[in-house]
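Notes follow once the structure below has been shown.
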């Protein structure tokens, strides 16, 4: 997968020692995914607005990646099963990977520079930018450290976000909370 034109790909490959006279059977091309405008078309349970019972899942919803596509499929399946049984299934908390990805897909994420207040939708993988910020005081400094800086702070913040996500996901699924390792 590349945006380089074929001639440029051949030029770059020929710079590699031993490939000066190689014949290339196939060169890379631009890969484009097709997706729907999910924030406009889908409700929070991945159901098409105005068409009960029709749900979308996977890459077409605007998630990127195999794991993300499987996760959205799992959510769509759970929502469909709950609806079929006449049960209500709560949405996953926004603090979890399921919830933050679902929130991005069904709510949009990026604020438009052109029109204040308007949001645009771009497919993406799960990433820490989709999670809501930590609550004040949630980031604990190790003993003896007066102030977090740089990489240490970033690692601690990601650890706190993932710990919160795991605890909230377990609660959403009705599982007992894991015990902290000593």
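In our numbering, the protein residues as written are 2 to 183. A virtual CB, placed ideally from N, CA and C, is assigned to each residue, including glycine. Note that the structure is a prediction, hence the values are computed from the model and not measured.
Helix, strand or coil: which one does DSSP assign to residue i?
i	result
residue 24	coil
residue 90	coil
residue 12	helix
residue 179	coil
residue 56	strand
Residue i: which of the options sits nearest, CA to CA?
i	options	result
residue 65	126, 141, 175, 161	126
residue 52	43, 166, 79	43
residue 164	55, 20, 132	132
residue 41	139, 95, 109	109
residue 78	6, 141, 57	57
residue 35	59, 14, 86	59
Give the range of the alpha helix (DSSP H) segment to which residue i is assigned.
i	result
residue 67	67-85
residue 153	151-174
Contact defined as beta carbons within less than 8 Å: I believe residue i pairs with residue j. What is the distance between those atoms, to the nearest angstrom?
i	j	result
residue 62	residue 91	The pair is not a contact, with the Cβ atoms about 20 Å apart (cut-off 8 Å).
By Cβ distance below 8 Å, which residues in the same chain neighbour residue i in space, the five residues on each side in sequence not counted?
i	result
residue 11	25, 28
By Cβ distance below 7 Å, which residues in the same chain neighbour residue i in space, the five residues on each side in sequence not counted?
i	result
residue 162	129, 132, 135
residue 96	132, 133, 165, 166, 169
Looking only at its chain, what residues have a beta carbon closer than 6 Å to the beta carbon of residue i, apart from the 5 residues adjacent to it on each side?
i	result
residue 146	none
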